[in-house]
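Okay, so here's the structure we're looking at.
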Amino acid sequence: MNPDPLPNSCRACGTLLSPEDNYCRNCGKGRGGKAGWQYKPLGVIAMTLLVGPFSLFYVWRSQVISRGAKLAFSAGILFFTYFVVERFYRVWQFYNTLLGGVQVY
Ligand SMILES: [Zn+2]
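Each residue of the sequence shown is one higher than the one before, counting from 0 in numbering that gives the first Met the number 0.
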């Protein structure tokens, strides 16, 4: 990694940025040391698969995801979490039955 000169314009597309922008307003590319794939929609999906509902943290801190999309992502993440937990619970129940001395044959 090069030392970042904190450019006034996006390194990817050249759009001029304000000093407080951490992300390009045009293409969403991270700027300075704050580039984070976790804050992009696909990154959020990947984070959800990796860390479950903790990806909500990234959704709400993201500056590249719009407010409406944040609500949609939150709903999706919560639903996904519920789905996974419910699925694990059923698997756990299944093995518990198998190992719990109950004859299934
Ligand atoms: Zn850009």
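Quick reminder that beta carbons are idealized off the backbone N, C-alpha and C, glycines included. Note that this is a predicted model, so its numbers are computed, not measured.
Is A45 closer than 8 Å to K28 when the C-beta atoms are compared? By 1-based counting over the sequence shown, the position of residue 28 is 29. By 1-based counting over the sequence shown, the position of residue 45 is 46. Going by C-beta atoms, K28 is not nearer than 8 Å to A45.
Leaving out five residues on either side along the sequence, give the residues of the same chain with a beta carbon under 7 Å from the beta carbon of T80. The residue you call residue 80 lines up with position 81 of the sequence shown. Taken in chain order, the residues that qualify are G51, P52.
Using the three-state DSSP reduction, which class does R86 fall into: helix, strand or coil? The sequence position of residue 86 within the sequence shown is 87, counting from 1. Residue state, collapsed to three classes: helix.
Ligand 1 heavy atoms versus the CB of K28: any closer than 7 Å? Start at 1 with the first residue of the sequence shown, and residue 28 comes out as number 29. For ligand 1, at least one heavy atom lies less than 7 Å from the Cβ of K28.
For K39, collect the residues of the same chain with a Cβ closer than 8 Å to its Cβ; drop the 5 residues on either side in sequence, then sort them by chain order. Here residue 39 corresponds to residue number 40 of the sequence shown, with the count starting at 1. Only G27, S61, V63, I64 meet the Cβ criterion.
Inter-residue Cα distance where the pair is P18 and L41: One-based indexing of the sequence shown puts residue 18 at position 19. One-based indexing of the sequence shown puts residue 41 at position 42. Taking the straight line joining both Cα atoms gives about 26 Å.
Helix, strand or coil for T96 per DSSP? In the sequence shown, the residue the question calls residue 96 occupies position 97. In this structure, T96 counts as helix in the three-state DSSP scheme.
If you measure from the CB of N25, is any heavy atom of ligand 1 nearer than 7 Å? The residue you call residue 25 lines up with position 26 of the sequence shown. Correct: N25 has its Cβ closer than 7 Å to ligand 1.
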